[in-house]
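Inspection log for the structure reproduced underneath, given as structure tokens.
2 protein chains.
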Amino acid sequence: MTGGNPISGTTRLYVVLGDPVAQVQSPGLLNPLFARLGLDAVLVPVHARPRDFDQVFGGLRCVGNIDGIFVTVPHKVAARGLADRCSPMVDITGSANALRREADGSWYAENFDGVGFVAGLVGAGCDPAGLRVALVGAGGAGSAIAAALLAAGAARLSVCDPDTAKLAGLLERLDPHWPGRTTTSTAPDLDGADVVVNATPLGLRPEDPLPLQPRLLPPGAVVADIIMKPRETRLLREAAALGHRVHYGMHMLDGQVDSYRAFFGLP
Amino acid sequence: MTGGNPISGTTRLYVVLGDPVAQVQSPGLLNPLFARLGLDAVLVPVHARPRDFDQVFGGLRCVGNIDGIFVTVPHKVAARGLADRCSPMVDITGSANALRREADGSWYAENFDGVGFVAGLVGAGCDPAGLRVALVGAGGAGSAIAAALLAAGAARLSVCDPDTAKLAGLLERLDPHWPGRTTTSTAPDLDGADVVVNATPLGLRPEDPLPLQPRLLPPGAVVADIIMKPRETRLLREAAALGHRVHYGMHMLDGQVDSYRAFFGLP
Chain A
6 MTGGNPISGT
16 TRLYVVLGDP
26 VAQVQSPGLL
36 NPLFARLGLD
46 AVLVPVHARP
56 RDFDQVFGGL
66 RCVGNIDGIF
76 VTVPHKVAAR
86 GLADRCSPMV
96 DITGSANALR
106 READGSWYAE
116 NFDGVGFVAG
126 LVGAGCDPAG
136 LRVALVGAGG
146 AGSAIAAALL
156 AAGAARLSVC
166 DPDTAKLAGL
176 LERLDPHWPG
186 RTTTSTAPDL
196 DGADVVVNAT
206 PLGLRPEDPL
216 PLQPRLLPPG
226 AVVADIIMKP
236 RETRLLREAA
246 ALGHRVHYGM
256 HMLDGQVDSY
266 RAFFGLP
Chain B
6 MTGGNPISGT
16 TRLYVVLGDP
26 VAQVQSPGLL
36 NPLFARLGLD
46 AVLVPVHARP
56 RDFDQVFGGL
66 RCVGNIDGIF
76 VTVPHKVAAR
86 GLADRCSPMV
96 DITGSANALR
106 READGSWYAE
116 NFDGVGFVAG
126 LVGAGCDPAG
136 LRVALVGAGG
146 AGSAIAAALL
156 AAGAARLSVC
166 DPDTAKLAGL
176 LERLDPHWPG
186 RTTTSTAPDL
196 DGADVVVNAT
206 PLGLRPEDPL
216 PLQPRLLPPG
226 AVVADIIMKP
236 RETRLLREAA
246 ALGHRVHYGM
256 HMLDGQVDSY
266 RAFFGLP
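Heads up: the protein sequence lines correspond to chains A and B, in order. FYI, in my numbering the residues of the first sequence are 6 to 272. FYI, in my numbering the residues of the second sequence are 6 to 272.
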């Protein structure tokens, strides 16, 4: 069974766009929610190649019974450009992962990647307010997490990425909102960090190098990874072996469900 | 429950396009079939307004995990124009109601409206081979039913429609395939008919006039209606009261399921 309601001509649609799309977890999270809420709605995966993204999005935004469009890799930056209006978080991060149809038919974009991560962290008993955080990776996910950590009150944020242009761009977008709290470097700056976050794809494959040296972690630092598969990355395994508390990538998705519910106005 | 399999990132999609779309019956027919066959596939309704149809279709045809597109009113003629290749039935009827993605990525259009109607008729014990049939309505559904009845061996077909240009066009498309078997008229020609078919929308609303006078039906004639809601139209009710065998519109849809299964290469 789909974990959802029976699909009929009256069913409202949500879609998740990606390339590939086979790995997306959102249908398994949201269809059971729709069923619990008694909503006549379903979330289906939509495979859109980068060269087709504009055309696919352009078609879907005209569909009368689509209420929401989720966007995953590699379309998050393009989705921002196709939305009619964007949240401040989308402007700061430069990317969107969820769009909703407004009452006037226009599409409004939001980015929940960072908010979901922070909600998951808080839910696990690690509120970043007042803490010093070291973040590795200034890409799409890293940017979203950086903004959400600062919005949640992180006292200091060090962001590291080998790409200095990316770092400079992110700092320029963060500093007007949260002045003086962010530093950047091309190598991980773990000094004094209470929380250390991997927001790079390193760890997806067993042969990947580590995003940072676990032996350089400050004593007592919490270590978080955004990678969902494998659940336990080499980073988390080695950090746990050194006695650190670890935080799994799956929590980022869990933390997003409540945000989606509010964003789409679900009961 | 949806009557289907759990939806995940690997689920293949089928869509049905219409305006409105709330009335479509195909999700309730095909999703349980997918489940019985153990297929990781789902059929969802897509509401596309006429002004948006090209754009919606253009987007959907690029989606990598869409294997089939069903089309209903008012898009059947437009769908023919957007397909890469069409079956002979689509050329004859001028409209399409199902498209499949071919191995080369192109879209091939077919029209099952007439074939489904005839399959339903045969299934109910009324094989049109050798029979004389009177058909009221030369629109999209009427054209498809006319071609399917002739292909199934109807000896004589009289088609009536108030629109003489429509009649002439249909005759011109039918006669090269089945020469001399079709006559046309602007008023119903029920004389000597073994089977009488209403292929007009008259009967959808309680206040509609009758598409033909039941008291003019030849004795013993079978009376069929393509209207699905209400199940029993005023025509069928009055014909039954006069002692005629009647055939309900719902059978047209039942008759299409096996055709779809073969068309989409389902197991």
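We put the beta carbon where it would ideally sit given N, CA and C, even for glycine.
Query: Integer Cβ distance of B/L240 from B/G208, believed to fall under 8 angstroms; Result: 6 angstroms
Query: Chain B contact residues for A/G254, given Cβ-Cβ distances below 9 angstroms; Result: Neighbours of A/G254 on chain B: none; closest Cβ ~16 angstroms, over 9 angstroms.
Query: Top-ranked residue by Cα proximity to B/P102, from B/H80, B/D109 and B/G110; Result: One point to set straight first is that residue 102 of chain B is Asn, not Pro, in the sequence displayed. The residue with the shortest Cα to Cα distance from B/N102 is B/H80.
Query: Beta carbon of B/A244 nearer than 8 angstroms to that of B/L140; Result: no
Query: Sequence-distant residues of the same chain with beta carbon closer than 6 angstroms to A/P11, five excluded per side; Result: none
Query: is_contact[A/Q28, chain B] using C-beta, thresh 8 angstroms; Result: yes
Query: Assigned exposure category for B/L222 - 16 Cβ within 10 Å defines buried; Result: buried
Query: Sub-8 angstroms separation of B/G128 and B/H256 beta-carbons; Result: yes
Query: Cβ separation of A/T77 and A/V29, assumed to be a contact under 8 angstroms, to the nearest whole Å; Result: 6 angstroms
Query: Whole-angstrom C-beta distance between A/G99 and A/R90, which should lie under 8 angstroms; Result: The pair is not a contact, with the Cβ atoms about 15 angstroms apart (cut-off 8 angstroms).
Query: Short CB-CB distance (under 8 angstroms) between A/D57 and chain B; Result: yes
Query: 7 angstroms Cβ cut-off: residues of chain A touching B/N116; Result: What B/N116 touches in chain A: nothing, since even the nearest Cβ is about 21 angstroms away.
Query: Helix, strand or coil at B/L34 according to DSSP, with G and I counted as helix; Result: helix
Query: Extent of the continuous alpha helix (DSSP H) to which A/L241 belongs; Result: R239 to A246
Query: Inter-stretch contact (C-beta, 8 angstroms, three-pair minimum) for the region 188–202 of chain A and the region 162–176 of chain A; Result: yes
Query: Chain A contact for B/Q261 (CB, 8 angstroms cutoff); Result: no
Query: Ranges of the alpha helix (DSSP H) found wholly within the region 139–227 of chain B, counting only runs of at least 4; Result: 145–156 and 169–179
Query: Assigned exposure category for A/G225 - 16 Cβ within 10 Å defines buried; Result: exposed
Query: Neighbour-count burial assignment, B/A108, 16 or more Cβ in a 10 Å radius; Result: exposed
Query: Within chain B, the residues that A/N70 reaches when beta carbons sit closer than 8 angstroms; Result: V26, P50, V51 and H52
Query: Supposed contact pair B/D180 and B/L136 - C-beta distance, whole angstroms, cut 8 angstroms; Result: Actually they are not in contact, since the Cβ atoms of B/L136 and B/D180 sit about 19 angstroms apart, beyond 8 angstroms.
Query: Whole-number beta carbon distance between A/F75 and A/V21, since they are thought to touch under 8 angstroms; Result: 4 angstroms
Query: Residue range of the alpha helix (DSSP H) that includes B/R85; Result: K81 to L87
Query: A/P251, DSSP secondary structure in three states; Result: The identity of residue 251 of chain A in the sequence shown is Val, whereas the question assumes Pro. It is a strand residue.
Query: Length of the line joining the Cα atoms of A/R186 and B/L271; Result: 59 angstroms
Query: For A/Y265 and A/L2, believed in contact at Cβ under 8 angstroms, the rounded distance; Result: The structure shown has nothing for residue 2 of chain A, since chain A only spans 6 to 272.
Query: Closer than 9 angstroms at the beta carbon, the chain A residues around B/L87; Result: Within 9 angstroms Cβ-Cβ: nothing; B/L87 doesn't reach chain A, min ~12 angstroms.
Query: Burial state of A/M6, where buried means 16 or more other Cβ atoms lie within 10 Å; Result: Residue confidence is low: A/M6 scores 38 on pLDDT, short of 50, so the model does not pin down where it sits. Its coordinate-derived value is still stated next. So A/M6 ends up on the exposed side.
Query: A/I97, DSSP secondary structure in three states; Result: helix
Query: Reduced DSSP category for B/R17 - H, G, I as helix; E, B as strand; rest coil; Result: strand
Query: Per-residue contacts from B/L65 into chain A (C-beta, under 7 angstroms); Result: G64
Query: A/G270 - containing alpha helix (DSSP H), residue span; Result: That residue, A/G270, is in no alpha helix (DSSP H); it is neither H nor E in DSSP.
Query: Under the three-state DSSP convention, the category B/V47 falls into; Result: strand
Query: Contact with chain A by B/Q218, beta-carbon distance below 8 angstroms; Result: no
Query: C-beta neighbour in chain C for B/L247, strict 8 angstroms; Result: Among the protein chains of the structure shown, namely A and B, there is no chain C.
Query: Selection from B/L258, B/A83, B/G43 and B/R242 that minimises the alpha carbon distance to B/S31; Result: B/L258
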